[in-house]
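Enquirer:
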Amino acid sequence: MQPEPAWRLGSGTLIFAGVCLVIALVLLRLVLRERITLQGSMSYLSFLVVLGSMAVFPAQANWVATRLGFTLLSNFFFCTAIAMLAILHLRALVTLSKVQLRSVVLTQELAILSEKIERVEASQRGDYRAPRAQTP
Amino acid sequence: MRVLIIVPAFNEQEALGGLLGEIRGLSPAALGTELETVVVDDGSSDRTAEVARQGGARVLRLCGNLGIGGAVQSGLRLAARESFDYAVQIDGDGQHPPSELVHLLAAAKAAEKPDLIVGTRYHKQGDGFRSTLLRRLGSWWLRVLLRFVHVRVTDPTSGYRLYGPRALALFDETYPYDFPEPESLAVARAAGLRIAEVPVTMRERQGGRSSIAGFSTLYYMFKVTIAIALTYLRSRKRVAKENPTDAT
């Protein structure tokens, strides 16, 4: 009797595809509620689509894995997942750094503008305690 | 000549009052400049801003703690925006005696017109505060590193600095945020700025506590080493782009 191929579509793979689908739906719900942006979540959705496809089409995934030199489909799966998570993390890091730099500039601009407003208001009030330059 | 004195301060209520008093005691006529002082309150939780206002300084109050780099850059932005001729950084902990400002200004008026002048505590023999052995060792390492980017200074961690118009324009655009002193020297050199050094006397901090202590010292050295190496690579790339025939 021939052994059953490990990549055959079974309940395990269907459950995993279901989990991917649920996570994708949660993600879409968060987008609809404007908790996260669609642009920001696109890479995450793509990741779920790739993992879900590997679960639904194990034969095709196995074909690709064999061509890439993997002897076990599970190894291919883990390698793909780790690589994609690393890419997602890097992307998040880039976005975070951009936001951090912007927030620094905004904090500085806010402080400069607030000080300017305070000075204008103080001069309008004729406040003698307003800071003045030390002139020769 | 208009000079803006930038005092970055984070929880420095103890030292700040005395420091501002010393700044007020400076004679603009003797220095030949018009002086204005701005205290950059880097999100302090104590009375730093209040003490600064009482001391007659302008106050930039940052709504969050940006670190020393972000605080200094706020002052530099203000100086560039309000067309000051020079800006001088004096730390809010009182380590930099304002009376030493005269040496920085004299160097700024020299014929070579440096863009960035660093006050060094290691030129004068015997007098003044010299920090701990560990810090001096770190300072030696940074000096060696900075030589790779063609910066020759004896005190790369000194925050007592004078910024000329070109330095103000550069640092308005880009300034390192954490532990910025050595890195900013590399950035300035990579942008083709002239850097000079003058001997000054420093003293121990007059209050508060240093942000670099314990484990953060190791992080400081590690981060600054990487930052200077990256600046070196960036400057090589820039030189190669500007002079394609010289690139080897």
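Line by line, the protein sequences give chains Y and U. Numbering-wise (my numbering), the first sequence opens with residue 860 and increments by one. Numbering-wise (my numbering), the second sequence opens with residue 463 and increments by one. The beta carbon of each residue, even a glycine, is placed where N, CA and C say it ideally should be.
Does any C-beta atom of chain Y lie closer than 9 Å to the C-beta of residue 545 of chain U?
Expert: Residue 545 of chain U does not count as touching chain Y.
Enquirer: Taking C-alpha atoms, which residue in U/494, U/509, U/504, U/518 lies nearest to residue 485 of chain U?
Expert: Considering only alpha carbons, the answer is U/518.
Enquirer: So which residues on chain U does residue 844 of chain Y lean against when the C-beta distance must stay under 8 Å?
Expert: In the structure as shown, chain Y starts at 860 and stops at 995, and residue 844 of chain Y therefore has no counterpart that could be examined.
Enquirer: Indicate the three-state DSSP secondary structure (helix, strand or coil) for residue 708 of chain U in the structure shown.
Expert: With a pLDDT of only 49 at residue 708 of chain U, under 50, the local geometry of the prediction cannot be trusted, and no value is derived from it.
Enquirer: If you drop the 5 nearest sequence neighbours on each side, which residues of the same chain put their C-beta closer than 7 Å to that of residue 613 of chain U?
Expert: Around residue 613 of chain U: 647, 648, 651, 657.
Enquirer: Answer with yes or no whether the minimum CB distance from residue 568 of chain U to chain Y is below 9 Å.
Expert: Chain Y, which has no Cβ nearer than 9 Å to the Cβ of residue 568 of chain U, makes this no.
Enquirer: Please list the partners that residue 973 of chain Y has in chain U, where partner means a Cβ-to-Cβ separation under 7 Å.
Expert: Simply 523.
Enquirer: When DSSP labels each residue in this structure, what does residue 499 of chain U get in the three-state scheme?
Expert: Strand.
Enquirer: Taking only the alpha-carbon atoms, compute the straight-line gap between residue 710 of chain U and residue 680 of chain U and give it to the nearest angstrom.
Expert: Because residue 710 of chain U sits at a pLDDT of 41, beneath the cut-off of 50, its placement in the model cannot be relied upon, and the following sentence gives the value as read from the coordinates. So the two alpha carbons sit approximately 34 Å from each other.
Enquirer: Can you tell me which of Y/956, Y/994, Y/993 puts its alpha carbon nearest to the alpha carbon of residue 639 of chain U?
Expert: Comparing Cα-Cα distances from residue 639 of chain U to each of Y/956, Y/994, Y/993, the minimum goes to Y/956.
Enquirer: Would you say residue 582 of chain U and residue 534 of chain U are within 9 Å of each other, going by their C-beta atoms?
Expert: Taking 9 Å as the Cβ cut-off, residue 582 of chain U and residue 534 of chain U do not qualify as a contacting pair.
Enquirer: Let me know if residue 498 of chain U comes out buried or exposed under the rule of 16 or more other beta-carbons within 10 Å of its beta-carbon.
Expert: Buried is the call here.
Enquirer: What are the start and end residues of each continuous alpha helix (DSSP H) run of 4 or more residues lying completely inside the segment 865–907 of chain Y, in chain order?
Expert: 870–891, all fully within the segment 865–907 of chain Y.
Enquirer: Does the count of Cβ pairs from the segment 499–513 of chain U and the segment 523–541 of chain U closer than 8 Å reach three?
Expert: Output reads yes: the segment 523–541 of chain U touches the segment 499–513 of chain U.
Enquirer: Which runs of the alpha helix (DSSP H) fall wholly inside the segment 512–576 of chain U and span at least 4 residues, in chain order?
Expert: Counting whole runs of 4 or more residues, the segment 512–576 of chain U contains the alpha helix (DSSP H) stretches 529–543, 563–570.
Enquirer: How big is the Cα-Cα spacing for residue 632 of chain U and residue 642 of chain U?
Expert: Going by the C-alpha atoms only, they are around 14 Å apart.
Enquirer: Taking the Cβ atom as the reference point for each residue, do residue 482 of chain U and residue 513 of chain U lie within a distance shorter than 9 Å?
Expert: Going by C-beta atoms, residue 482 of chain U is nearer than 9 Å to residue 513 of chain U.
Enquirer: Where residue 888 of chain Y and residue 688 of chain U are concerned, what is the direct C-alpha to C-alpha distance, given to the nearest angstrom?
Expert: Their Cα atoms are separated by approximately 42 Å.
Enquirer: Quick check on residue 990 of chain Y: does DSSP put it in helix, strand or coil?
Expert: Three-state DSSP puts residue 990 of chain Y in coil, outside helix and strand.
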